[in-house]
Amino acid sequence: MEEPLIPREEIGRRVAELAQRLREDYGEEPLHLVVILKGAIFFAVDLIRALGRPVTLGFVSAASYGAGTESSGEVKLNLEALGAVEGRHVLVVEDILDTGLTLAKVKEAIAARAPRSLRLCVLLEKPARKQVPIEADYLGFQIGDRFVVGYGLDHAERHRELPDIRALGPEGRSGHRAEA
Ligand code: PRP
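The sequence shown begins at 8 in my numbering and counts up by one.
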C-alpha cells in the first residue's frame, strides 16, 4: 500500500478547523447530526469530540444497485434511524463526495422533512468524479481521482481501521460506492 495521501496529523488539524467553523456558525443552537453509514462514523466521532458541545445524532444507510464497479446511479436509502429533523438545524456528515449521488439523495430526503436548516459536512471530495451539482458547505480536502481507504473508508470492508487516508491504486481508480 502506498504512502499516506493524508496523514493522521493533517486529518486531525483539519477536523479541528471544521469544528471551529461549526461552533462559530451554529453557536449554542441545537444541532442534529446525520451520519451516513458506515464509513463516516470515524469522521463523525472525531468531529463531535472536537466540537465539544451537545448534538443529537441520526444515521442513514445507503446502497447502490447495479452490476460492475461503477454505481448504477440508483441509491436506495434506509431512513429508520434518521431521528427527528423537522424544524431543526441538520448537518449531514459524510466521508467522501464522489459522484455525489448518495449525498444528493440524502439531502433530498431530509429536505422533504422540512428542517430549519440543512448543510453538508464532508471530509473528502473528488471533483473530477462529480455527476450531480452538489457542494459541501464544510469540506475537509479535495483529492484526485484515486481509490482511497483508511479513516473509515474501505475496500471490500477492509482498511477502515487505518488512521491515515491512503490511495490503493494509481490515478484513475475511482468509484467509491460499493454495489449491493
Ligand atoms: C461510499 C462513501 C459515500 C459514497 C460516495 O459509501 O462512504 O457514502 O460511497 O459515493 P457517491 O458520491 O458516488 O455516491 P460506500 O458504499 O462505500 O459505503 P460505506 O460507507 O458503508 O463503506
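Here a beta-carbon is modelled for each residue, glycine too, at the ideal position from N, C-alpha and C.
Could you check whether residue j and residue i sit closer than 9 Å to each other, using their CB atoms as the reference points?
i, j, result
"Asn85", "Val67", "yes"
"Val97", "His39", "yes"
"Ile103", "Glu132", "yes"
"Val92", "Leu64", "no"
"Ala111", "Ile141", "yes"
"Gly159", "Gln138", "no"
"Arg127", "Glu87", "For clarity, residue 127 is Leu in the given sequence; the question names Arg instead. No; because the gap between Cβ atoms is not below 9 Å, this pair is not in contact."
Return the residue from the list the options that minimises the CA-CA distance to residue i.
i, options, result
"Phe148", "Arg126, Glu17, Ser124", "Glu17"
"Glu164", "Leu25, Leu44, Arg21, Leu104", "Leu44"
"Gly94", "Lys112, Ala88, Pro122", "Pro122"
"Gln27", "Glu10, Leu12, Ala57", "Ala57"
"Asp53", "Ser71, Glu31, Leu25", "Leu25"
"Gly46", "Ala70, Gly90, Lys114, Pro11", "Ala70"
Can you tell me whether residue i is helix, strand or coil according to DSSP?
i, result
"Lys83", "strand"
"Gln149", "strand"
"Ile43", "strand"
"Gly202", "Beyond the ends of the chain as shown, which are 8 and 187, falls residue 202; an answer cannot be given."
"Leu169", "coil"
"Phe154", "coil"
"Ala74", "Per-residue confidence for Ala74 stands at a pLDDT of 48, beneath the threshold of 50, marking its modelled position as unreliable; the derived number appears in the next sentence. Of the three classes helix, strand and coil, the one that applies to Ala74 here is coil, per DSSP."
"Glu93", "coil"
Can you list, in chain order, the stretches of the alpha helix (DSSP H) that have 4 or more residues and sit fully within the stretch 110-145? Runs found: none.
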